[in-house]
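Using the working numbering, you'd call the opening residue of the sequence shown number 343 and step up by one each time. C-beta: ideal position from N, C-alpha, C; glycine also. Treat the numbers as computed from the prediction; the structure is a model and nothing was measured.
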Amino acid sequence: MPHELRVNFQSELNSLRYNYPTPLLLTGESYGSTMTDSDHQSLSEPSESDSARASGVPPDYNVLTPAFEKLCDVIARLRSPEGCPWDREQTLESIKPYTLEETYELLEAIDSGNDQHIIEELGDLLLQIVLDAQIAADEGRFDLTHVVNRLTQKMIDRHPHVFGDVTAESPAEVRKNWDQIKEQEKQRRSIFDGLPQDLPALARAARIAEKAAKVGYDFPHRDMLFDKLREEIQELADEIYPEGKIPDTPATVEAEIITDTQIDDPKLRERVEGELGDILFVVANISRRWKINPEEALRISNRKFQQRVQKIEQELEKAGRSIQSASLQEMETIYQNIKVQEKQTS
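What follows is the structure, given as structure tokens:
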């Protein structure tokens with residue numbers, strides 16, 4: 343029979359009664375049981391019916407409900423006095439770095455296109471959400487039910503064209519309605535209120551510019567941004583080079599290696615930093631105006647460059663050498679060959 347678990351870790355060790363206005367009800371027959379190999383396989387391998395399911399159809403609740411109950415039970419058990427010392431000592435603050443890490447790992451999984459990898463990383467991110475809610479429940483603040491109810495109501499309220507009588511025929515109209523409803527809900531004083539401070543800087547730059555653009559503060563034509571980019575590059579050159587003249591130095595490996603020097607003058611360093619930031623801000627705006635996510639674009643370039651250099655390592659290893667022993671010219675030759683191969687196979 344389904345059981346009712348009332349959780350309150352502030353009371354005696356063996357009394358699991360949840361000290362909150364609404365009891366946390368965990369129903370199911372799986373609490374305390376161990377998942378078998380067949381359990382893991384059934385949960386991780388999508389069935390043919392899953393892949394053939396039509397769009398907009400929710401999952402089979404007869405399968406999802408007990409699976410989700412088991413997850414909640416497992417997390418509650420880990421946080422219990424008889425559970426895991428590491429999980430018990432976590433707080434909402436201490437768990438933040440793991441949540442961020444799992445988010446980026448999910449992005450990498452999506453890039454890979456490997457469904458099993460995506461399933462695993464979505465699960466890890468879900469773990470963070472359930473664990474955060476369990477931590478809050480243990481502290482008598484709120485539980486996962488409050489999180490789900492708030493989210494469900496928000497999605498209904500933010501989509502009046504689906505659940506109400508508002509008309510929205512295009513994604514742009516949907517976004518406009520969403521923003522208007524959000525403004526009414528939050529009663530924000532500034533267009534930038536609610537923008538997360540911890541967003542990666544490049545992504546935040548695009549979001550800042552996007553919010554300014556929504557009130558009309560934007561270049562009339564996106565092509566103008568390249569003139570702005572040239573202006574910002576020149577301002578950087580004015581700080582770095584005498585009379586602001588950028589040396590005409592071809593990008594080639596057939597040249598003497600010149601050691602970089604740092605900027606010792608603190609004021610000059612601050613100015614150069616500011617000008618570099620301005621250039622990156624314009625680049626983020628160019629991405630935005632062409633509907634490209636700048637953070638995603640940079641992630642792709644990072645991954646592409648890393649993979650190419652790793653291939654250089656592999657090619658040298660085949661010859662019994664290390665990358666540390668290769669000359670710049672040798673590495674560049676392999677690098678260019680890799681680019682040619684990529685074009686041939688694309």
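Check: Where residue 678 falls: helix, strand or coil (DSSP); Outcome: helix
Check: Range covered by the alpha helix (DSSP H) that runs through residue 546; Outcome: 543-556
Check: Residue burial classification, residue 647 (beta-carbon count within 10 angstroms, cutoff 16); Outcome: exposed
Check: Contact between the stretch 648-660 and the stretch 669-688 (3+ Cβ pairs under 8 Å); Outcome: yes
Check: Exposure of residue 415, with buried meaning 16 or more beta-carbon neighbours within 10 Å; Outcome: buried
Check: DSSP state of residue 446 mapped onto helix, strand, coil; Outcome: helix
Check: For residue 474, three-class secondary structure by DSSP; Outcome: helix
Check: For residue 653, the three-state DSSP class (helix, strand or coil); Outcome: helix
Check: For residue 690, three-class secondary structure by DSSP; Outcome: With the chain covering only 343 through 688, there is no way to say anything about residue 690.
Check: Among 596, 611 and 668, the one whose alpha carbon lies nearest that of residue 603; Outcome: 611
Check: Neighbour-count burial assignment, residue 418, 16 or more Cβ in a 10 Å radius; Outcome: buried
Check: Three-state secondary structure assigned by DSSP to residue 605; Outcome: coil
Check: Spatially closest choice to residue 312 from 474, 503, 502 and 481, by CA coordinates; Outcome: Outside the shown range of the chain, which is 343 to 688, sits residue 312, and nothing can be said about it.
Check: Close-in-space but distant-in-sequence residues of the same chain around residue 420 (CB under 6 Å, 5 per side omitted); Outcome: 426 and 429
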